[in-house]
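For reference, the structure is listed below as structure tokens.
Here you go:
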């Protein structure tokens, strides 16, 4: 047996969308589902906070990427940006922003525009995703460019990605 080495991801995701699907699949199939059910990081509405989802995406996403790729969080200064994007995968050049329940969708989208906070990151990023994590009870009305919708079931054992 080999201790101290964790080979959770034999196959590196082929695209940012594939990474998102693998990450949320790992969340609902593994310890993530149990962890999310016990989390105390929720709001007055009893739903998990955006920052709780960010931490879970980071925890599981680093495992999905494996040891050869690095998922950085709060990235901006290295690009000379005014703002800080939630996640960036160097070498693969993936930029990821996360929001919850469709809140401030227009603002999140504006950050990626030519005059937006993340304009410098957009020059380098090969793929961009704004992940909207929401309860399955909050239906997606209209799919939008660069948005990926991750709708979770009540007990986090299933996600619908669209």
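Residue numbers (the working numbering): 5 to 166. Positions of the beta carbon are idealized from the N, C-alpha and C atoms, including for glycine. Computed from a predicted model, the values in this text were never measured in an experiment.
_residue 91 beta carbon less than 9 Å from that of residue 79_ = yes
*Do you know offhand how far residue 59's Cα is from residue 128's?*
24 Å
_For residue 109, tell me which candidate among 118, 144 and 97 has the shortest Cα-Cα distance._
144
_Buried/exposed call for residue 154, threshold 16 Cβ in 10 Å_ = buried
*Does residue 124 have its Cβ less than 9 Å from a Cβ in chain D?*
The structure shown contains no chain D; it holds only a single protein chain.
*Could you please give me the residues that DSSP links to residue 53 through a beta bridge?*
BP columns for residue 53 are empty, so no partner.
*Can you grab the Cα-Cα spacing for the pair residue 52 / residue 61, in whole Å?*
13 Å
*In three-state DSSP terms, what is residue 124?*
helix
*asked:* With a threshold of 8 Å on Cβ separation, who are the neighbours of residue 138 within its own chain once the five nearest residues in sequence on each side are excluded?
replied: 104, 105, 106, 144, 153, 154, 155 and 156
*Going by Cα to Cα distance, which pick from 151, 65, 70 and 16 is closest to residue 77?*
65
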